[in-house]
Amino acid sequence: MKKTENLFLAIALTFGLIFTLIIAPFHAESEPQHYYRSYQISEGKLIADKKITDCYGQQFETYLPSTTCVGGMLPKSILTTAKTTEGIESRKNPKRKQNIQTIIALLNLPLDSNNRVFLRFPNISLFFPITHLPQAFGMAIGRLFNLSPLVLLYMGRICNLLVWLLLVYLAIKITPFYKWLLLLLALTPMSIFQASSLSGDALTNGLSFLLIAAILKTAFAGEKQVTKSEIFILALLSLLLSLSKLAYFPILFLLWVIPVQRFPSKKQYFITLSAIVLVSLAAVLSWLLITRHLNVPLRLDTPNLTTEQRLDYLASQPWKLLVLLGNTLRLHGLTYLEQFLGGMGWGETKMPIWHIVSFGLVLVGVAACSHDKDIVVCRRQKAISLGIVVTNVVLIFTLLYVTWTSLDADVIQGFQGRYLIPISPLLFLLFYNQKIKLKFKKFNYAIACYLLFCQTLTVAVLLKRYWL
50 MKKTENLFLA IALTFGLIFT LIIAPFHAES EPQHYYRSYQ ISEGKLIADK KITDCYGQQF
110 ETYLPSTTCV GGMLPKSILT TAKTTEGIES RKNPKRKQNI QTIIALLNLP LDSNNRVFLR
170 FPNISLFFPI THLPQAFGMA IGRLFNLSPL VLLYMGRICN LLVWLLLVYL AIKITPFYKW
230 LLLLLALTPM SIFQASSLSG DALTNGLSFL LIAAILKTAF AGEKQVTKSE IFILALLSLL
290 LSLSKLAYFP ILFLLWVIPV QRFPSKKQYF ITLSAIVLVS LAAVLSWLLI TRHLNVPLRL
350 DTPNLTTEQR LDYLASQPWK LLVLLGNTLR LHGLTYLEQF LGGMGWGETK MPIWHIVSFG
410 LVLVGVAACS HDKDIVVCRR QKAISLGIVV TNVVLIFTLL YVTWTSLDAD VIQGFQGRYL
470 IPISPLLFLL FYNQKIKLKF KKFNYAIACY LLFCQTLTVA VLLKRYWL
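Residue numbers (my numbering): 50 to 517.
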């Protein structure tokens with residue numbers, strides 16, 4: 050297959066559809082909460098509810114009487130489906146398999162949308178609705194036919210996958226170089242696993258890849274003047290990514306790798322790029338302002354978890370965050386890299402270590418060897434890329450400290466390797482060089498075969514984990 054984007058589409062569509070079916074229901078990280086929010090949006094409710102009421106906790110196994118809950122009134126059949134598939138029990142005991150008879154029975158469970166309970170999902174409720182729009186679209190179609198909650202889950206997964214496919218396909222198509230690198234990063238077991246679930250990561254990952262590709266295309270298009278359509282596309286993608294997940298807002302500063310020569314003047318260059326960043330920031334802040342009343346402690350099992358307490362603590366001891374960050378990376382850094390490539394499910398479903406090492410070596414090799422003789426990435430552009438990666442990682446850890454970590458913790462809790470996927474192209478951009486000159490095209494077929502092997506291996510791992 051001559052075009053890299055077509056190879057991606059063939060592999061990702063085939064195996065992605067397989068993954069949507071063999072990943073056990075509610076067994077992707079936080080998939081129950083993503084389901085609840087997606088269903089809520091499918092009914093046209095864009096802002097979650099907050100009330101003192103009896104509700105079910107984030108992990109659906111906990112009943113909370115008369116508690117301040119953020120979430121929504123959803124059909125009780127959704128809760129029944131989630132509990133019956135035993136997502137939490139299976140996560141606690143990875144040897145526990147799915148019962149195919151139970152799954153078949155759930156396919157016929159009536160939705161019964163009039164019988165409702167309050168389901169709590171405060172962390173997911175803060176996301177802008179676009180994050181769950183693909184999943185909600187699939188569920189809305191299913192609701193027209195009054196399909197069961199389990200069928201709605203699969204329809205949401207498929208729509209989520211298709212949107213991700215489109216975004217990454219376009220990213221690979223338009224990027225001026227590193228097409229094979231984007232292909233590999235998109236097809237890591239962790240990446241395609243998330244895209245095949247109800248996770249909001251699918252849209253975020255796809256948008257980040259497409260925005261990075263669009264910026265690189267604009268940056269390395271020679272000295273011809275930038276067009277209005279290019280600016281509009283960059284502005285739109287920047288806005289969508291920022292709204293998709295606030296934590297990846299720093300990616301927008303990659304705009305400054307675009308040479309000033311592409312603009313009529315330095316003034317217009319600065320005003321245009323600054324306007325894109327500021328408009329996106331204003332949109333994010335507006336949504337946070339609208340949903341500020343939904344801010345509640347995300348974890349009920351740990352005391353002293355209010356945002357105000359965490360910010361006051363940081364203000365009095367700003368060095369504390371750096372100490373915690375250093376401890377966290379020292380203790381769990383290798384685990385994060387493992388999760389980035391193959392820590393699926395709730396983190397308990399892992400690819401063989403030899404596969405993770407080989408995939409990492411292939412990524413580094415492709416990044417170091419697949420240069421374009423007409424494209425030179427200067428030190429300034431690499432410095433911007435590195436700065437974004439570092440800033441993004443620190444920002445994510447800071448947000449996790451403020452919202453998720455107990456005050457007496459020795460490490461920052463909640464970070465997962467999948468959070469590195471959106472910024473991974475920028476990290477590997479640091480390996481780009483003009484010195485290593487290998488005829489990379491000779492290895493194309495070998496890499497394509499390797500990817501087919503990896504996807505097949507991932508299918509085997511998932512089947513063994515959930516069904517065999």
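The beta-carbon is built from N, C-alpha and C at its ideal position, and this holds for glycine as well.
DSSP-derived helix/strand/coil call for residue i
{"i": "residue 103", "result": "strand"}
{"i": "residue 258", "result": "helix"}
{"i": "residue 398", "result": "strand"}
{"i": "residue 421", "result": "coil"}
{"i": "residue 457", "result": "coil"}
{"i": "residue 48", "result": "Here the chain covers residues 50 to 517 and nothing more, so residue 48 does not appear."}
The alpha helix (DSSP H) enclosing residue i, as first and last residue numbers
{"i": "residue 224", "result": "Taken as a continuous stretch (DSSP letters only), residue 224 belongs to no alpha helix (DSSP H), as it is neither H nor E."}
{"i": "residue 379", "result": "368-391"}
{"i": "residue 466", "result": "Per DSSP, residue 466 belongs to no alpha helix (DSSP H) and is neither H nor E."}
{"i": "residue 61", "result": "53-71"}
{"i": "residue 494", "result": "493-515"}
{"i": "residue 315", "result": "315-339"}
{"i": "residue 342", "result": "No alpha helix (DSSP H) contains residue 342, which DSSP labels as neither H nor E."}
{"i": "residue 481", "result": "Element bounds for residue 481: n/a, residue is neither H nor E."}
{"i": "residue 80", "result": "80-91"}
{"i": "residue 150", "result": "149-155"}
{"i": "residue 281", "result": "277-293"}
{"i": "residue 241", "result": "238-244"}
Residue i burial status per 10 Å Cβ neighbour count (16 or more: buried)
{"i": "residue 367", "result": "exposed"}
{"i": "residue 341", "result": "exposed"}
{"i": "residue 266", "result": "buried"}
{"i": "residue 451", "result": "buried"}
{"i": "residue 375", "result": "exposed"}
{"i": "residue 504", "result": "buried"}
{"i": "residue 93", "result": "exposed"}
{"i": "residue 164", "result": "exposed"}
{"i": "residue 231", "result": "buried"}
{"i": "residue 262", "result": "buried"}
{"i": "residue 151", "result": "exposed"}
{"i": "residue 411", "result": "buried"}
{"i": "residue 88", "result": "buried"}
N- and C-terminal bounds of the beta strand (DSSP E) containing residue i
{"i": "residue 115", "result": "112-124"}
{"i": "residue 167", "result": "165-169"}
Straight-line Cα distance separating residue j from residue i
{"i": "residue 510", "j": "residue 399", "result": "8 Å"}
{"i": "residue 268", "j": "residue 259", "result": "14 Å"}
{"i": "residue 207", "j": "residue 462", "result": "31 Å"}
{"i": "residue 465", "j": "residue 456", "result": "20 Å"}
{"i": "residue 373", "j": "residue 459", "result": "6 Å"}
{"i": "residue 479", "j": "residue 102", "result": "51 Å"}
{"i": "residue 483", "j": "residue 422", "result": "7 Å"}
{"i": "residue 413", "j": "residue 396", "result": "24 Å"}
{"i": "residue 149", "j": "residue 244", "result": "23 Å"}
{"i": "residue 277", "j": "residue 126", "result": "49 Å"}
{"i": "residue 203", "j": "residue 191", "result": "10 Å"}
{"i": "residue 419", "j": "residue 228", "result": "9 Å"}
{"i": "residue 363", "j": "residue 215", "result": "41 Å"}
{"i": "residue 115", "j": "residue 100", "result": "9 Å"}
{"i": "residue 497", "j": "residue 316", "result": "46 Å"}
Below-8 Å beta-carbon distance, residue i vs any chain B residue
{"i": "residue 504", "result": "The displayed structure is made up of one protein chain only, and chain B is not part of it."}
Sequence ranges, alpha helix (DSSP H) only - wholly within the region 176-227, length at least 4: Within the region 176-227, complete alpha helix (DSSP H) segments of at least 4 residues are found at 182-193, 198-223, given in chain order.
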